[in-house]
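J.: Protein sequences, first through last, are from chains A and B. Residues in the first sequence are numbered from 1 upward in steps of one, following this note's numbering. Residues in the second sequence are numbered from 359 upward in steps of one, following this note's numbering.
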Amino acid sequence: MLRVALTHRQGDFELDVSFDAAPGVTVLFGRSGSGKTTIVNAVAGLLRPDRGRITVGDTVLLDTDRGLRVPPHRRRLGYIFQDGRLFAHLTVRQNLIYGAWFAGLGRSPRALPHVLEMLGIGPLLARRPAGLSGGERQRVAIGRALLAQPRLILADEPLSALDDARKAEVLPYLERLRDEVQVPILYVSHAPAEVARIATTVVALEGGRVTGIGTAAQVLGDPDVAPLGIRSAGAVIAATLRRHHADGLSELDAGGIALFVPRIAMAPGTSVRLRIAAHDVILARDRPTGLSALNILPGTITAIRQGQGPGAMVRLSTPAGVVLARITARSAQALDLAPGTTAHAIIKSVAIAPDDVG
Amino acid sequence: MIDWLPPDAWQAVALSVQVSVWAVLCSLPLGILVAYALARWEFPGKQVLNGLVLLPLILPPVVTGYLLLTTFGRQGAVGRMLEEWFGIVVAFRWTGAALAAAVMAFPLMVRAIRLAIEAVDPRIEQAAATLGASPAWVFATVTLPLILPGVIAGLILAFAKAMGEFGATITFVSNIPGQTQTLPSAIYSVLQVPGGDAQAARLVVVAIVIAMAALLLSEWVSRAVARRIAGA
Numbered sequence: 001m002l003r004v005a006l007t008h009r010q011g012d013f014e015l016d017v018s019f020d021a022a023p024g025v026t027v028l029f030g031r032s033g034s035g036k037t038t039i040v041n042a043v044a045g046l047l048r049p050d051r052g053r054i055t056v057g058d059t060v061l062l063d064t065d066r067g068l069r070v071p072p073h074r075r076r077l078g079y080i081f082q083d084g085r086l087f088a089h090l091t092v093r094q095n096l097i098y099g100a101w102f103a104g105l106g107r108s109p110r111a112l113p114h115v116l117e118m119l120g121i122g123p124l125l126a127r128r129p130a131g132l133s134g135g136e137r138q139r140v141a142i143g144r145a146l147l148a149q150p151r152l153i154l155a156d157e158p159l160s161a162l163d164d165a166r167k168a169e170v171l172p173y174l175e176r177l178r179d180e181v182q183v184p185i186l187y188v189s190h191a192p193a194e195v196a197r198i199a200t201t202v203v204a205l206e207g208g209r210v211t212g213i214g215t216a217a218q219v220l221g222d223p224d225v226a227p228l229g230i231r232s233a234g235a236v237i238a239a240t241l242r243r244h245h246a247d248g249l250s251e252l253d254a255g256g257i258a259l260f261v262p263r264i265a266m267a268p269g270t271s272v273r274l275r276i277a278a279h280d281v282i283l284a285r286d287r288p289t290g291l292s293a294l295n296i297l298p299g300t301i302t303a304i305r306q307g308q309g310p311g312a313m314v315r316l317s318t319p320a321g322v323v324l325a326r327i328t329a330r331s332a333q334a335l336d337l338a339p340g341t342t343a344h345a346i347i348k349s350v351a352i353a354p355d356d357v358g
Numbered sequence: 359m360i361d362w363l364p365p366d367a368w369q370a371v372a373l374s375v376q377v378s379v380w381a382v383l384c385s386l387p388l389g390i391l392v393a394y395a396l397a398r399w400e401f402p403g404k405q406v407l408n409g410l411v412l413l414p415l416i417l418p419p420v421v422t423g424y425l426l427l428t429t430f431g432r433q434g435a436v437g438r439m440l441e442e443w444f445g446i447v448v449a450f451r452w453t454g455a456a457l458a459a460a461v462m463a464f465p466l467m468v469r470a471i472r473l474a475i476e477a478v479d480p481r482i483e484q485a486a487a488t489l490g491a492s493p494a495w496v497f498a499t500v501t502l503p504l505i506l507p508g509v510i511a512g513l514i515l516a517f518a519k520a521m522g523e524f525g526a527t528i529t530f531v532s533n534i535p536g537q538t539q540t541l542p543s544a545i546y547s548v549l550q551v552p553g554g555d556a557q558a559a560r561l562v563v564v565a566i567v568i569a570m571a572a573l574l575l576s577e578w579v580s581r582a583v584a585r586r587i588a589g590a
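1) With distances taken from CA atoms, which of A/Ala303, A/Thr302 and A/Pro288 is nearest A/Ile365?
2) For B/Ala590, collect the residues of the same chain with a Cβ closer than 8 Å to its Cβ; drop the 5 residues on either side in sequence, then sort them by chain order.
3) Give the straight-line distance between the Cα atoms of B/Arg432 and B/Leu457, rounded to the nearest whole angstrom.
4) State the CB to CB distance for the pair A/Gly234 and A/Arg263, rounded to an integer number of angstroms; the pair is presumed to be in contact (CB under 8 Å).
5) So is B/Arg585 in contact with chain A if we call contact Cβ pairs under 8 Å?
6) Taking the runs of the alpha helix (DSSP H) that are 4 residues or longer, which of them lie wholly in the stretch 320 to 347 of chain A?
7) Since A/Pro298 sits in a beta bridge, which residues does DSSP pair it with?
8) Counting Cβ pairs closer than 8 Å, one from the stretch 254 to 261 of chain A and one from the stretch 315 to 323 of chain A, do we hit at least three?
9) Could you give the distance in angstroms between the alpha-carbon of A/Tyr187 and the alpha-carbon of A/Glu157?
10) Tell me which same chain residues have a C-beta within less than 7 Å of the C-beta of B/Glu476, skipping the five on either side of it?
11) Of all the residues that make up the stretch 369 to 395 of chain B, which are near chain A by a beta-carbon distance shorter than 8 Å?
12) Is the shortest distance between the beta-carbon of B/Leu363 and the beta-carbons of chain A less than 8 Å?
13) Name the chain A residues whose beta carbon is nearer than 9 Å to that of B/Pro507?
14) Could you list the residues in the stretch 481 to 494 of chain B with a C-beta less than 9 Å from some C-beta on chain A, going in chain order?
15) What did DSSP end up calling A/Arg93 once you bin it into helix, strand or coil?
16) Given this structure, state the Cα-to-Cα distance separating B/Pro493 from A/Ala216, to the nearest angstrom.
17) Cutting at 6 Å between CB atoms, please list the residues of its own chain near A/Gly106, excluding the five before and the five after it.
18) Have a look at A/Pro172 and A/Gly299 and give me their C-alpha separation to the nearest angstrom.
19) Please decide whether B/Val478 counts as near chain C, where near means a Cβ-Cβ distance under 8 Å.
20) Which residues, in chain order, does the stretch 85 to 103 of chain A contribute to contact with chain B at a C-beta distance below 9 Å?
21) Confirm, please, whether the CB-CB distance from B/Phe430 to B/Ala449 is below 8 Å.
22) Can you give me the C-alpha to C-alpha distance between B/Thr499 and A/Ile54, rounded to a whole angstrom?
23) Going by alpha carbons, who is nearest to A/Gln306 out of A/Ser292, A/Leu291 and A/Arg326?
24) Using the Cβ count rule (16 or more neighbours within 10 Å means buried), how would you classify B/Ile446?
25) If we ignore side chains and look at the alpha-carbon of each, how far apart do A/Leu283 and A/Val183 end up?
26) Starting from the beta carbon of A/His73, find every residue of chain B whose beta carbon is closer than 7 Å, and list them in chain order.
27) Could you tell me if B/Arg581 is buried or exposed, where buried requires 16 or more neighbouring beta carbons within 10 angstroms of its beta carbon?
28) Quick one: list the residues of chain A neighbouring B/Leu417, beta-carbon separation under 7 Å, in chain order.
29) Let's test the definition: count the other Cβ atoms within 10 Å of the Cβ of B/Thr501 and tell me whether it reaches 16, buried, or not, exposed.
30) Can you tell me where the alpha helix (DSSP H) holding B/Leu440 begins and where it ends?
31) Any Cβ of chain A within less than 8 Å of the Cβ of B/Pro465?
32) With which residues is B/Val379 paired in a DSSP beta bridge?
33) Can you list, in chain order, the residues of its chain with a C-beta nearer than 7 Å to that of A/Gln82? Leave out the 5 residues immediately preceding and following it.
34) Starting from the Cα of B/Val567, find the closest Cα among B/Ala470, B/Pro402, B/Val375 and B/Asp366 and give me that residue.
35) In this structure, does DSSP put A/Leu186 in helix, strand or coil?
36) Who are the Cβ neighbours of B/Glu441 in its own chain at under 7 Å, not counting the five residues just before and after it?
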């Protein structure tokens, strides 16, 4: 387990955070300038914080009170950088085994075949980074970090330098990493869809402070936390892929309710997470008929929160899980919505982007 | 071919190559260290070091030669120390010529290497550190291979400068045939003799051929290195 407590001042910016990361993927979530990368660099040892204590398991990496600071090359972490940072003068194979060699695992570490297979980079071994596509480069960077046999993997927005198609290419590999490798991962992101898919735990950051810790569903579904502002608020629903339909839709089962989304490239039976942005949800008191939207979730309102502007955030408890709906305060009044009343959440299938599901 | 130049002229050519090769190879490690320090480290006196390195480029070569003579000559502080402790004498020897050439060529070598180091993204080196490489290993496995074209360019530039060095050499170690008479000093000497123009012209051709060969070699090597780095 990773424990982090840091205070650091850099110009006008002040970081003061403390959190424990449970096993799995811990996502540092916040807008740029919230201190995410500062934290990751402090954990990696690339930045000397003013004060702090960082431990991984029983190993102390930093303890400023005791004057202890392990240099970066002895921390045994695997850092996946935003921009890959592959070694241009080495082949893909040499890049991959760079960390493994320093970890004393030799020139062909035992995990190599498995990592090559997992990341689909076997055919690239003899190439050099300059000849790789952005997505391939980032997959090699993941493999390089992994093969160093780290006790913790750090990933600083590993997808943000990629276009949407490349993101869709690499994200499944990160999910496999989370599910197959027993190494905790500290992951930086400012993309709600990515967080919804990959996070085990979310640490929400704002202005150098932790504003919330919890599961993706808890943090993303809590409008009070929403570190990217109210527009990024949305629910995360766990579902199972039932079947693919001939008309290009995939059918999910969420708590016994059928949801239809644009076709997703996975096998039936797979567990997926579905992010539903609050501003894509329409509410109705009675079950509507003659409607083009395919997804209707009946539920009970548990909370209504009136914002500063004309909007209101409604929390609806449904058999599929909590759904957030951002509607106008005027509608909330007109429909006579209040905690305890029943309502139906309506979601257009096409409002759910492919990268919202995974 | 051998008869084309008299033996003592060939001797001067050979000596020049020997002096220049030793001068650049021996100063290379120090050149890399100084270039690295100037490119990456912050320390008091950095500007002074920078000035000292560049000084031979700006000073009249005669002044540099004079300073070498007063420091490394048999009466000079360092010269006497070298002689007493190690029995090494550089004054009026070919080793002295190599020292003069090294000092004169040093600024060019450091400048080329420094530019190469400044072009290396420190974040790549950080990546190597996170993968377990100590600072020395980072330098050996990442920085050095990446700056290799710059190091080679610096070597060739310094070699060319050393081959052409005249003022500081002749001031420091004089112009003794077979001992300290390098190619430029030999050209100068023949020009002092009436009717020596023809031989001077031949020596000039030799100088041009060596310089061109060095340049072409450096181009070829740095292209090969660059191709390796950029290659798919």
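We put the CB at the ideal spot given by N, CA and C, even for glycine.
T.: The short version:
1) No statement about residue 365 of chain A is possible, as the shown extent of chain A runs from 1 to 358 and does not include it.
2) Working through the second sequence from its first residue, we reach residue 590 of chain B at position 232. With a pLDDT of 39 at B/Ala590, under the threshold of 50, the modelled position of that residue is not reliable, and no figure is offered here.
3) Position 74 of the second sequence holds residue 432 of chain B. Position 99 of the second sequence holds residue 457 of chain B. About 15 Å.
4) By 1-based counting over the first sequence, the position of residue 234 of chain A is 234. By 1-based counting over the first sequence, the position of residue 263 of chain A is 263. Not confirmed; about 21 Å, so no contact.
5) As a first step, residue 585 of chain B must be located in the second sequence, where it is residue number 227. Cβ-Cβ to chain A under 8 Å: no for B/Arg585.
6) Taking only runs of at least 4 residues, the alpha helix (DSSP H) segments lying wholly in the stretch 320 to 347 of chain A are 329 to 334.
7) Numbered from 1 along the first sequence, position 298 holds the residue referred to as residue 298 of chain A. A/Pro298 pairs with A/His344.
8) yes
9) Here residue 187 of chain A refers to the residue found at position 187 when the first sequence is read from its first residue. Here residue 157 of chain A refers to the residue found at position 157 when the first sequence is read from its first residue. For A/Tyr187 and A/Glu157, the distance between alpha carbons rounds to 7 Å.
10) By 1-based counting over the second sequence, the position of residue 476 of chain B is 118. Around B/Glu476: Ala397.
11) none
12) Here the question's residue 363 of chain B lines up with position 5 in the second sequence. Not an interface residue.
13) For the purposes of this step, residue 507 of chain B is identified with residue 149 of the second sequence, where counting begins at 1. Ordered by position in chain A, no residue passes the 9 Å Cβ test against B/Pro507, which lies about 10 Å from the chain.
14) Arg481, Ile482, Gln484, Ala485, Ala486, Ala487, Thr488, Leu489, Gly490, Ala491, Ser492 and Pro493
15) Translated into the one-based positions of the first sequence, residue 93 of chain A becomes position 93. Helix at A/Arg93.
16) On the second sequence, position 135 is the one that residue 493 of chain B refers to. On the first sequence, position 216 is the one that residue 216 of chain A refers to. For B/Pro493 and A/Ala216, the distance between alpha carbons rounds to 39 Å.
17) As a first step, residue 106 of chain A must be located in the first sequence, where it is residue number 106. Counting only Cβ-Cβ distances below 6 Å, and skipping sequence neighbours, we find nothing.
18) Locating residue 172 of chain A in the first sequence gives position 172, counting from the first residue. Locating residue 299 of chain A in the first sequence gives position 299, counting from the first residue. Taking the straight line from one Cα to the other gives about 32 Å.
19) No chain C is present in this structure, whose protein chains are A and B.
20) Taking 9 Å as the Cβ-Cβ cut-off against chain B, the residues of the stretch 85 to 103 of chain A that qualify are Arg85, Leu86, Phe87, Ala88, His89, Leu90, Tyr98, Gly99, Ala100, Trp101, Phe102 and Ala103.
21) Start at 1 with the first residue of the second sequence, and residue 449 of chain B comes out as number 91. Start at 1 with the first residue of the second sequence, and residue 430 of chain B comes out as number 72. Yes, Cβ-Cβ distance for B/Ala449 and B/Phe430 is below 8 Å.
22) In the second sequence, the residue the question calls residue 499 of chain B occupies position 141. In the first sequence, the residue the question calls residue 54 of chain A occupies position 54. Cα to Cα, B/Thr499 sits roughly 29 Å from A/Ile54.
23) For the purposes of this step, residue 306 of chain A is taken as residue 306 along the first sequence, with counting starting at 1. Nearest C-alpha to A/Gln306: A/Arg326.
24) Counted from its first residue, the second sequence places residue 446 of chain B at position 88. Answer is exposed; the Cβ neighbour count stays below 16.
25) Position 283 of the first sequence, counting from 1, holds the residue named residue 283 of chain A. Position 183 of the first sequence, counting from 1, holds the residue named residue 183 of chain A. Taking the CA atoms as reference points, A/Leu283 sits about 42 Å from A/Val183.
26) Here residue 73 of chain A is taken as the residue at index 73 of the first sequence, counted from 1. Contact annotation for A/His73 against chain B: Ala487, Gly490, Ala491 and Ser492 [CB-CB distance below 7 Å, chain order].
27) Here residue 581 of chain B corresponds to residue number 223 of the second sequence, with the count starting at 1. Exposed is the label assigned to B/Arg581, since fewer than 16 other Cβ atoms lie within 10 Å of its Cβ.
28) One-based indexing of the second sequence puts residue 417 of chain B at position 59. In chain order: nothing, as chain A lies at least about 38 Å away.
29) For the purposes of this step, residue 501 of chain B is taken as the residue at position 143 of the second sequence. Counting Cβ neighbours within 10 Å, B/Thr501 comes out buried, since at least 16 surround it.
30) Residue mapping note: residue 440 of chain B aligns to position 82 of the second sequence, counting from 1. Counting along the chain, the alpha helix (DSSP H) containing B/Leu440 begins and ends at Ala435 to Phe444.
31) Here residue 465 of chain B refers to the residue found at position 107 of the second sequence. Chain A contact via Cβ: absent.
32) Along the second sequence, one-based indexing puts residue 379 of chain B at 21. Answer by DSSP bridge pairing: none, since B/Val379 is not bridged.
33) Along the first sequence, one-based indexing puts residue 82 of chain A at 82. Same-chain partners within the cutoff: Asp156, Glu157, Pro158, Ser160 and Ala161.
34) As a working note, residue 567 of chain B is residue 209 in the second sequence. Of the candidates B/Ala470, B/Pro402, B/Val375 and B/Asp366, the one whose C-alpha sits nearest the C-alpha of B/Val567 is B/Val375.
35) For the purposes of this step, residue 186 of chain A is taken as residue 186 along the first sequence, with counting starting at 1. DSSP places A/Leu186 in strand when its eight states are reduced to three.
36) By one-based count along the second sequence, residue 441 of chain B stands at place 83. For B/Glu441, where only same-chain residues beyond five positions count, the Cβ hits under 7 Å are Arg432 and Val447.
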